[in-house]
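Undergrad: Before we start, here is the structure in question, set down as structure tokens.
Number of protein chains: 2
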Amino acid sequence: MSLPHAVLTSLLEKSTSGYDLARRFDKSIGHFWHATHQQIYRELARMEAAGWITSFVPPDAGKTRKKHYRVQPAGRQELARWAAEPVAPMDLRDAFTLKLRADAVLGEVDLAPELRRHLALHLDKLAYYRQIEAQDFPGGQPLSRAQAIQHMILKKGILYEQGEIAWSREMLQLLQPAPDMR
Amino acid sequence: MSLPHAVLTSLLEKSTSGYDLARRFDKSIGHFWHATHQQIYRELARMEAAGWITSFVPPDAGKTRKKHYRVQPAGRQELARWAAEPVAPMDLRDAFTLKLRADAVLGEVDLAPELRRHLALHLDKLAYYRQIEAQDFPGGQPLSRAQAIQHMILKKGILYEQGEIAWSREMLQLLQPAPDMR
DNA sequence: CGCCCCATGTAACTAGTTACATGATTGG
DNA sequence: CCAATCATGTAACTAGTTACATGGGGCG
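As you go down the protein sequences, you meet chains R and G in turn.
Mind the numbering: the first sequence is residues 1 to 182 in full-length UniProt numbering, read in order.
Mind the numbering: the second sequence is residues 1 to 182 in full-length UniProt numbering, read in order.
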């Protein structure tokens with residue numbers, strides 16, 4: 001059960017609204033733990049009931065329904081408790097690999113177009129990560145511990161995309177009759 | 001909804017029982033799509049109801065309750081249909097990375113032991129994949145298309161574990177006060 | 001005035017997890 | 001005979017997804 005803890009982490013980084021959290025889960029944290037706005041609103045309600053967070057009307061709310069959430073000591077404590085307990089390494093749920101295996105056994109599926117599409121998406125994401133890296137971690141500056149960790153998280157994403165790209169290119173040569181690699 | 005299709009693929013590779021499928025999902029297919037035996041039995045029941053597979057008592061059943069399943073044409077067709085439709089690239093759900101981020105914001109969590117544990121697990125898995133590779137794909141032999149795909153799937157796993165290992169080692173240097181890398 | 005974005009939610013469903021139940025066969 | 005493994009399931013719960021609902025604010 002990691003979603004509430006992802007939300008707590010995000011709120012500690014910056015107190016904000018459910019809407020804004022949902023947008024954050026479309027990037028940054030969301031690259032490692034995806035969630036929809038419905039899940040987030042539900043989780044916020046639960047966490048408020050549990051006393052981990054409290055809501056307040058932000059100064060810029062005007063007449064809108066906007067609510068902000070702030071982490072309470074109990075929430076911070078819960079996050080620390082959770083962070084210290086062991087987790088299993090991520091297990092993969094890779095539908096495309098499954099399709100490849102289906103192709104191997106059926107032998108009549110053409111996965112090359114889909115693989116090219118994925119390759120393009122991975123290239124985009126890599127470029128996106130690289131841009132963030134250039135922005136947030138320009139060369140040579142000494143980093144705080146927190147910044148160094150953030151950088152390593154970003155590097156993990158970069159490494160992953162690079163792996164996908166390299167593998168996709170090799171795979172494409174196998175799936176494509178004509179040799180036309182990107 | 002990929003589980004039924006993973007099961008279909010596995011059954012096409014070899015008709016077998018739910019029990020045996022469940023064990024297969026602890027390796028091979030399971031490295032890319034995990035499932036418990038409960039999920040598998042439920043899915044088998046659904047798929048039989050849908051006419052995708054049929055069950056029969058295998059010759060070696062004796063007095064046991066053992067049932068085998070065989071894929072029907074409708075099942076094969078459904079698998080082909082599914083394989084041809086587009087999928088989103090896998091999204092990661094990596095709880096450890098989340099904990100790192102929690103550490104960055106809390107600054108009082110020691111994730112080094114857990115990271116060392118994960119590193120060891122990744123090393124084990126890499127060794128395991130390598131052993132399968134040596135067994136199933138001994139050097140230089142020409143492969144059928146199906147075999148070539150299977151090999152590439154294995155290589156994807158190897159690449160992934162290598163990435164995790166390299167990253168973990170770098171991360172460990174950051175988390176560990178004393179420089180004692182494995 | 002109409003459309004898009006901000007903002008928060010409910011409802012219904014599907015997939016995945018955890019706990020429990022049951023009984024036969026095999027090997028020490 | 002006892003424990004482990006084979007073998008198949010039910011029940012209850014938790015997490016994640018998809019569809020729908022509602023209303024305000026800003027802009028062209």
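C-beta: ideal position from N, C-alpha, C; glycine also.
Just so it is clear, the structure is predicted and the values come from calculations on it, not from any experiment.
Classify residue 156 of chain R: buried if its beta carbon has 16 or more other beta carbons within 10 angstroms, exposed otherwise.
TA: One-based indexing of the first sequence puts residue 156 of chain R at position 156. Residue 156 of chain R is buried by the Cβ-count criterion.
Undergrad: Residue 59 of chain R versus chain G: which residues are under 8 angstroms apart at the beta carbon?
TA: Here residue 59 of chain R corresponds to residue number 59 of the first sequence, with the count starting at 1. Simply none; closest approach about 24 angstroms.
Undergrad: Under 8 angstroms, with one C-beta from each stretch per pair, do the stretch 156-174 of chain R and the stretch 106-125 of chain R reach the 3-pair mark?
TA: In short, these stretches touch, since the Cβ pair count reaches three.
Undergrad: How far does the beta strand (DSSP E) with residue 34 of chain R in it reach, from first residue to last?
TA: To locate residue 34 of chain R, count along the first sequence from 1; it is residue 34. Where residue 34 of chain R is concerned, there is no enclosing beta strand (DSSP E), given that its DSSP letter is neither H nor E.
Undergrad: Can you name, in chain order, every residue of its own chain whose Cβ lies under 7 angstroms from the Cβ of residue 21 of chain R, other than the five neighbours on each side?
TA: Position 21 of the first sequence holds residue 21 of chain R. Here the set comprises 7, 10, 40.
Undergrad: I'd like to know if residue 171 of chain R contacts chain G, where contact means its C-beta is closer than 9 angstroms to some C-beta of that chain.
TA: If you number the first sequence from 1, residue 171 of chain R lands on position 171. Judged by the 9 angstroms Cβ criterion, residue 171 of chain R is in contact with chain G.
Undergrad: Do residue 102 of chain G and residue 82 of chain R have their CB atoms nearer than 9 angstroms?
TA: Indexing the second sequence from 1 puts residue 102 of chain G at position 102. Indexing the first sequence from 1 puts residue 82 of chain R at position 82. Contact flag set, yes.
Undergrad: Is residue 15 of chain G near the ligand FAD, going by C-beta to nearest heavy atom under 8 angstroms?
TA: The ligand FAD is not part of the structure shown, which contains no ligands of any sort.
Undergrad: Looking at residue 96 of chain G: is its Cβ nearer than 9 angstroms to the Cβ of residue 94 of chain R?
TA: Looking up residue 96 of chain G in the second sequence gives position 96. Looking up residue 94 of chain R in the first sequence gives position 94. No, Cβ-Cβ distance for residue 96 of chain G and residue 94 of chain R is not below 9 angstroms.
Undergrad: Compare the C-beta of residue 91 of chain R against all C-beta atoms of chain G and say whether one is closer than 9 angstroms.
TA: Here residue 91 of chain R corresponds to residue number 91 of the first sequence, with the count starting at 1. Judged by the 9 angstroms Cβ criterion, residue 91 of chain R is in contact with chain G.
Undergrad: Kindly indicate which three-state DSSP category residue 8 of chain R falls into: helix, strand or coil?
TA: Along the first sequence, read from residue 1 onward, the residue named residue 8 of chain R stands at position 8. Helix, per DSSP.
Undergrad: Can you tell me which of the three DSSP states residue 54 of chain G falls into?
TA: The residue given as residue 54 of chain G occupies position 54 in the second sequence. Looking at residue 54 of chain G - three-state DSSP - the assignment turns out to be strand.
Undergrad: Along the chain, which unbroken stretches of the beta strand (DSSP E) at least 3 residues long are found entirely within the stretch 64-143 of chain G?
TA: 68-71, all fully within the stretch 64-143 of chain G.
Undergrad: Under 7 angstroms Cβ-Cβ, which residues of chain G neighbour residue 160 of chain R?
TA: The residue labelled residue 160 of chain R in the question sits at position 160 within the first sequence. Ordered by position in chain G, the residues that pass the 7 angstroms Cβ test against residue 160 of chain R are 163.
Undergrad: Within 10 angstroms of its Cβ, does residue 25 of chain R collect 16 or more other Cβ (buried), or is it exposed?
TA: As a position in the first sequence, residue 25 of chain R is number 25, starting the count at 1. The residue in question, residue 25 of chain R, is buried, as its Cβ has 16 or more Cβ neighbours within 10 Å.
Undergrad: Give me the chain R residues within the contact set of residue 27 of chain G, using Cβ-Cβ distance strictly less than 7 angstroms, ordered along the chain.
TA: Stepping through the second sequence from its first residue, residue 27 of chain G is reached at position 27. Correct list: empty, because the minimum Cβ distance to chain R is about 12 angstroms.
Undergrad: How about the stretch 100-119 of chain G and the stretch 133-153 of chain R: do they share at least three Cβ pairs that are nearer than 8 angstroms?
TA: As far as the Cβ criterion goes, the stretch 100-119 of chain G touches the stretch 133-153 of chain R, which means the pair count is three or higher.
Undergrad: Would the stretch 66-80 of chain G and the stretch 54-66 of chain R be scored as touching if the rule is three or more Cβ pairs under 8 angstroms?
TA: The stretch 66-80 of chain G, when compared against the stretch 54-66 of chain R, does not touch it at the 8 angstroms Cβ threshold.
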